[in-house]
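A.B. asks:
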Amino acid sequence: MPAAQERSTQETASPQKPLSPDEEAVARAIGRAIIVVPRAIDADLMREQRLTLNEYAALMHLSEAPDRHLRMSELAAECDVSLSGMTRIVGRLEADRLVERVQCAEDARGSNAVLTDLGLARLEEAYPTHLASVRRHVMDHLGEIDLVRLAAALRRFATAP
1 MPAAQERSTQ ETASPQKPLS PDEEAVARAI GRAIIVVPRA IDADLMREQR
51 LTLNEYAALM HLSEAPDRHL RMSELAAECD VSLSGMTRIV GRLEADRLVE
101 RVQCAEDARG SNAVLTDLGL ARLEEAYPTH LASVRRHVMD HLGEIDLVRL
151 AAALRRFATA P
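full-length UniProt numbering applies: residue 1 is where the sequence shown begins, and numbers increase by one.
The following block contains the structure:
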C-alpha cells in the first residue's frame with residue numbers, strides 16, 4: 001500500500017478497502033494513459049497536419065452538430081475545455097478561416113462557432129492522420145478486449161461525479 005494511501009485511510013472516518021494489486025495496476029495505467037495518449041495523438045496531428053488535438057476535436061464536434069454550429073459554451077463542454085480555452089482555440093481556427101464566430105440569434109450575449117466549408121475540408125484532410133494515430137496509440141493495444149464493455153466503463157467513469 002502506498003504511504004499516501006495508508007495516511008489517507010487512517011485519516012478518514014470510514015476507511016476504504018485498499019486496492020488489490022490488479023486494481024492498483026489498472027488505476028495507474030489509466031492515469032498514465034489519460035496523459036500519454038492525448039499527447040501522442042496531439043504530436044502526430046501537429047507533425048503531420050499542423051493542427052492540435054483540441055483544434056481537431058473542435059472541428060469534429062462542429063461537423064457533427066446540426067447546421068455545423070454550436071454555442072461556444074456547448075463546444076467547450078463537448079471538447080472538455082474551459083470557455084476561455086475554447087475561445088482561444090476558436091480564435092486560432094478563425095484566423096485560418098476554418099471557423100466563423102457569429103452572434104447567437106437566441107441570446108445576443110452569446111456567440112456560436114460555425115464550421116466553414118474550408119474547415120470541413122481541413123477536417124477531412126486531417127482525419128486519416130487522426131485515425132492512424134488512434135489506431136497506433138490505442139486500438140492496436142487492445143487485442144481481444146470487449147470494446148462495447150470497455151467503452152461503457154470509460155463513459156461511466158468519465159462522467160462520474
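Just so you know, even glycine gets a beta-carbon here, dropped at the ideal spot from N, CA and C.
Bear in mind the structure is a predicted one, so any value in this text is a computation, not a measurement.
Which one or two residues does DSSP pair with alanine 151 in a beta bridge?
C.D. replies: Answer is none; alanine 151 lacks a bridge partner.
A.B. asks: When the Cα of threonine 52 is compared with those of Arg149, Tyr127, Leu142, which residue comes out closest?
C.D. replies: Cα-wise, what sits closest to threonine 52 is Tyr127.
A.B. asks: Could you compute how far the alpha carbon of serine 63 sits from the alpha carbon of serine 111?
C.D. replies: If you take the alpha carbons of serine 63 and serine 111, they lie about 17 Å apart.
A.B. asks: Give the straight-line distance between the Cα atoms of leucine 131 and glutamate 48, rounded to the nearest whole angstrom.
C.D. replies: Those two C-alpha atoms are separated by around 12 Å.
A.B. asks: State the start and end residues of the unbroken beta strand (DSSP E) segment that holds leucine 70.
C.D. replies: 69-71 is the extent of the beta strand (DSSP E) around leucine 70.
A.B. asks: State whether the segment 30-44 contacts the segment 84-95, with contact taken as three or more CB pairs (one from each stretch) at a distance under 8 Å.
C.D. replies: With a cut-off of 8 Å, the segment 84-95 and the segment 30-44 do not count as touching, because too few Cβ pairs lie within range.
A.B. asks: How big is the Cα-Cα spacing for aspartate 107 and arginine 71?
C.D. replies: Cα-Cα distance, rounded: 10 Å.
A.B. asks: Within the same chain, show all residues whose beta-carbon is closer than 7 Å to that of glutamine 103, passing over the 5 residues directly before and after it, in chain order.
C.D. replies: Closer than 7 Å at the Cβ level, and outside the excluded window around glutamine 103, lie Ser111.
A.B. asks: For alanine 33, report the span of its alpha helix (DSSP H) as first-last.
C.D. replies: Its alpha helix (DSSP H) spans residues 21-49.
A.B. asks: For the putative contact between isoleucine 35 and serine 133, defined by C-beta atoms under 8 Å, what is the C-beta separation to the nearest angstrom?
C.D. replies: Not a contact, Cβ separation roughly 16 Å.
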